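Asks: Questions regarding the structure given below will be posed in turn.
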Amino acid sequence: MTRTARPRRYLMCRPTHFDVSYTINPWMDPAKPVDTDLAVAQWERLYELYLELGHRIDLIDPIPGLPDMVYAANGATVVDGRVLGARFRNAERAAEGPAYLEWFRANGFATHDPAHVNEGEGDLLLTDRYLLAGRGFRSVSAGHAEAQEFLRRPVIGLDLVDPRFYHLDTALSVLDGDRIMYYPGAFSAGSRAVLARLFPDAVLVEEEDAAAFGLNVASDGLNVVLPEPATGVAARLRAHGYRPIGVDLSELLKGGGSVKCCTLEIREAV
Ligand SMILES: CN(C)C(=N)NCCC[C@H](N)C(=O)O
Numbered sequence: 000m001t002r003t004a005r006p007r008r009y010l011m012c013r014p015t016h017f018d019v020s021y022t023i024n025p026w027m028d029p030a031k032p033v034d035t036d037l038a039v040a041q042w043e044r045l046y047e048l049y050l051e052l053g054h055r056i057d058l059i060d061p062i063p064g065l066p067d068m069v070y071a072a073n074g075a076t077v078v079d080g081r082v083l084g085a086r087f088r089n090a091e092r093a094a095e096g097p098a099y100l101e102w103f104r105a106n107g108f109a110t111h112d113p114a115h116v117n118e119g120e121g122d123l124l125l126t127d128r129y130l131l132a133g134r135g136f137r138s139v140s141a142g143h144a145e146a147q148e149f150l151r152r153p154v155i156g157l158d159l160v161d162p163r164f165y166h167l168d169t170a171l172s173v174l175d176g177d178r179i180m181y182y183p184g185a186f187s188a189g190s191r192a193v194l195a196r197l198f199p200d201a202v203l204v205e206e207e208d209a210a211a212f213g214l215n216v217a218s219d220g221l222n223v224v225l226p227e228p229a230t231g232v233a234a235r236l237r238a239h240g241y242r243p244i245g246v247d248l249s250e251l252l253k254g255g256g257s258v259k260c261c262t263l264e265i266r267e268a269v
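Residue numbering for the sequence shown follows numbering that gives the first Met the number 0, starting at 0 and increasing by one per position.
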């Protein structure tokens, strides 16, 4: 198999104010100490890696009091230069939606301020054919309908059933075009059947690797940046002709996120 890298444009947010001061997912434990300087250093390595891979990176200023703002993927969903803002389920993150939307407005994008809960690319993942949309823990079906209307892509709703995999991007990754990989155990029986029907060639991942955030990856079609401990996923990807690149984001894992969570793709109008 020949795989081809296509340079991407990403929006990221430096974890200057990162902390775990509340619990809104099973990974977050405010009793565990967080080393913010280490989080920044690990994030800087990811940022540098993207630049080395030839991607364009824009930065949004971190806001004090919003410790989860580093998880930029949750800030919006951008398709063909149209930006669907995020509306967060939890009050602790509510102010992030308007902050990300303002960045896109200020940078000349067409934006939509959502009426229903959707947590950006945490739950909305684009393939060539579909907008795969997670629900069950954060985003809701009405938010999916709003995404389909504004982003003009057919939405496939997928039910998440395991609280460890509370966002779709913890359980499923888009590698390129319509090629995906996922952990079946994160989905309801019906959603597993839908995925098997639509993506019969998908790479299936084991629970151990999914639990190491091995599906929370950023792929450019060849290079797949993923958390270092997810060695099983790296081996699977290598066997399928991809180039896995492991990074250490152990501090950001304490907030319940990894590579993909820190990376919001800006897909411009063509
Ligand atoms: C892959 N994931 C989960 C993300 N896309 N985002 C991470 C969000 C983490 C935040 N503490 C929260 O619970 O919302």
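We treat Cβ as the ideally placed atom computed from N, Cα and C, and that holds for glycine.
Please read these numbers as outputs of a predicted model, since none were measured by experiment.
Could you compute how far the alpha carbon of residue 215 sits from the alpha carbon of residue 67?
Replies: For residue 215 and residue 67, the distance between alpha carbons rounds to 16 Å.
Asks: Would residue 208 be called buried (16 or more neighbouring beta carbons within 10 Å of its own) or exposed?
Replies: Buried is the call here.
Asks: Are residue 46 and residue 56 closer than 8 Å when you measure CB to CB?
Replies: Yes, the Cβ-Cβ distance between residue 46 and residue 56 is below 8 Å.
Asks: Once you ignore the five residues that flank residue 108 on each side, which residues in its own chain have a CB closer than 8 Å to its CB?
Replies: Closer than 8 Å at the Cβ level, and outside the excluded window around residue 108, lie 77, 80, 81, 82.
Asks: If you reduce the DSSP assignment to three classes, tell me which class residue 68 lands in.
Replies: Of the three classes helix, strand and coil, the one that applies to residue 68 here is helix, per DSSP.
Asks: Decide if residue 232 is buried, meaning its Cβ has at least 16 other Cβ atoms within 10 Å, or exposed.
Replies: Looking at its Cβ environment, which holds 16 or more other Cβ atoms inside 10 Å, residue 232 is buried.
Asks: Within the same chain, show all residues whose beta-carbon is closer than 6 Å to that of residue 33, passing over the 5 residues directly before and after it, in chain order.
Replies: Once the five neighbours on either side are set aside, the close Cβ partners of residue 33 are 18, 19, 253.
Asks: Decide if the region 97 to 105 is in contact with the region 147 to 157; the criterion is three or more beta carbon pairs, one per stretch, under 8 Å apart.
Replies: Touching, no, given that fewer than three Cβ pairs across the two stretches are closer than 8 Å.
Asks: Return the CA-CA distance between residue 84 and residue 11, expressed in angstroms with no decimal places.
Replies: Cα to Cα, the separation comes out at about 15 Å.
Asks: Using CA atoms only, rank isn't needed, just tell me which of 186, 175, 250, 129 is closest to residue 3.
Replies: It is 175.
Asks: Going residue by residue through the region 74 to 153, where are the continuous alpha helix (DSSP H) segments of at least 4 residues, counting only ones entirely within it?
Replies: The qualifying runs are 95 to 105, 140 to 150.
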